[in-house]
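Asks: Got a structure here, written out as structure tokens. Questions coming.
Residue numbers (UniProt numbering): 1 to 292.
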């Protein structure tokens, strides 16, 4: 998208930051730089906000202005989400003549490689909502605020630890208010960007919370579990597997007995929600301390 991978003058914000740190001449000596926000997110495929991109762009813009105050920097954005104290950096960038232009998702910026007076440039065309007309910006560099996406191994880890994923394939906590760093599966905790895109201070705070919850569990010599768990009557079980597909915690599995393949419940993993009891066609599963 936007000629990324086709033109080496089109880079991501992460690549831009690396090149600023190395003092790459093509970056620090550029006359004009355009940044495009929300690339690959807040669309039909990924409808979430990556949250860190706006602050990252502002940070890189301020650093470039510090190195080369004469550089023209344009940030094309949908919504500038520099929340918290990052708002101060947004105002500082505006004071240092970083130009902000808002665009609509149905009228995205257009990028093409052209020559202007014998000089190769990237021409970025965007509609200015204030002027009500299209602007053509000739840039030496184009930096894309690319989406933060979940790990490709999220599904594998989810199945391994019997934890749930959200609709965007980030890990989902047990309860956003009551258990924000815990999964439904006991003894498994989450923090950082695997939960959702976030800044480093937020990830550290969440890590403190996860460590605290883990310490609460580890501080006990004996770990007790609830007595309200399901159990299987092997005489009634016909091994259909309906209970296994119903259990969201992976607490039920088959084992071979003299009567054939039968379901068995792991009481340590079972949460006693009774879904397997409701799904069993032969009534072979009972929830302890409860009646039908």
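Yeah, the Cβ is synthetic: ideal placement off N, Cα and C, and Gly gets one too.
For a quick check, are the C-beta atoms of residue 152 and residue 231 less than 8 Å apart?
Replies: Taking 8 Å as the Cβ cut-off, residue 152 and residue 231 do not qualify as a contacting pair.
Asks: Roughly how many angstroms lie between the CA atoms of residue 280 and residue 252, to the nearest whole one?
Replies: Rounded to whole angstroms, residue 280 to residue 252 spans 12 Å at the Cα level.
Asks: Can we say the segment 69 to 82 touches the segment 98 to 107, given the rule of at least three CB pairs closer than 8 Å?
Replies: Cβ pair count under 8 Å is three or more, so yes.
Asks: Comparing alpha-carbon positions, which option in 268, 39, 243 and 14 lies nearest residue 278?
Replies: Residue 278 has its Cα closest to that of 243, out of 268, 39, 243 and 14.
Asks: Quick check on the burial criterion: 16 or more other C-beta atoms within 10 angstroms. Buried or exposed for residue 140?
Replies: So residue 140 counts as buried.
Asks: Would you mind working out which of 215, 214, 58 and 26 sits nearest residue 98, comparing C-alpha positions?
Replies: It is 58.
Asks: Go through its chain and collect everything with a Cβ distance to residue 136's Cβ below 7 Å, but skip five positions before and after it.
Replies: 123 and 125.
Asks: Name the residue from 95, 259, 142 and 236 whose alpha carbon lies nearest to the alpha carbon of residue 10.
Replies: That would be 142, whose Cα lies nearest to the Cα of residue 10.
Asks: Provide the residue span of the beta strand (DSSP E) that contains residue 74, from first to last.
Replies: Unbroken beta strand (DSSP E) run through residue 74: 72 to 77.
Asks: Around the Cβ of residue 82, are there at least 16 other Cβ atoms within 10 angstroms (buried) or fewer (exposed)?
Replies: Counting Cβ neighbours within 10 Å, residue 82 comes out buried, since at least 16 surround it.
Asks: Jot down the residue ranges of each uninterrupted beta strand (DSSP E) in the segment 111 to 156, minimum 3 residues, whole runs only, in chain order.
Replies: Qualifying beta strand (DSSP E) stretches, in chain order: 119 to 128, 133 to 139 and 141 to 146.
Asks: Judging by CA-CA distance, which residue of 261, 92 and 178 is the nearest neighbour of residue 61?
Replies: Checking every option, the nearest Cα to that of residue 61 belongs to 92.
Asks: Give a yes or no on whether the C-beta atoms belonging to residue 185 and residue 249 are separated by under 8 Å.
Replies: In this structure, residue 249 lies closer than 8 Å to residue 185 by Cβ.
Asks: Identify every residue that forms a DSSP beta bridge with residue 183.
Replies: Per DSSP, none; premise fails for residue 183.
Asks: Less than 8 Å separating the beta-carbons of residue 191 and residue 174?
Replies: For residue 191 and residue 174, no; Cβs fall outside 8 Å.
Asks: Alpha carbons only, please: which of 282, 195, 16 and 72 is nearest the one belonging to residue 176?
Replies: Comparing Cα-Cα distances from residue 176 to each of 282, 195, 16 and 72, the minimum goes to 195.
Asks: How would you call residue 39, buried or exposed, if buried means at least 16 neighbouring beta carbons within 10 angstroms?
Replies: Buried, by the Cβ-count rule.
Asks: Which residue wins for smallest C-alpha separation from residue 293, given the options 47, 209, 138 and 54?
Replies: This structure does not reach residue 293, given that the chain is present from 1 up to 292, and the question cannot be answered.
Asks: Compare the C-alpha of residue 303 against each of 113, 239 and 167 and name the closest.
Replies: What is shown of the chain runs 1 to 292, which leaves residue 303 out entirely.
Asks: Would residue 295 be called buried (16 or more neighbouring beta carbons within 10 Å of its own) or exposed?
Replies: Past the boundaries of the shown model lies residue 295; the chain is included only from 1 to 292, so the question cannot be answered.
Asks: Measure the C-alpha to C-alpha separation of residue 211 and residue 284 and round it to an integer number of angstroms.
Replies: Going by the C-alpha atoms only, they are around 40 Å apart.
Asks: Do residue 144 and residue 2 come within 8 Å of each other at the CB atom, strictly closer than that value?
Replies: The answer is yes: Cβ separation under 8 Å.
Asks: For residue 273, tell me which candidate among 290, 161, 259 and 107 has the shortest Cα-Cα distance.
Replies: Checking every option, the nearest Cα to that of residue 273 belongs to 290.
Asks: Classify residue 288: buried if its beta carbon has 16 or more other beta carbons within 10 angstroms, exposed otherwise.
Replies: That one is exposed.
Asks: Going by DSSP, what residues sit across from residue 253 in a beta bridge?
Replies: Answer is 264, bridged to residue 253.
Asks: From residue 200 to residue 19, what distance separates their C-alpha atoms?
Replies: Taking the straight line joining both Cα atoms gives about 21 Å.
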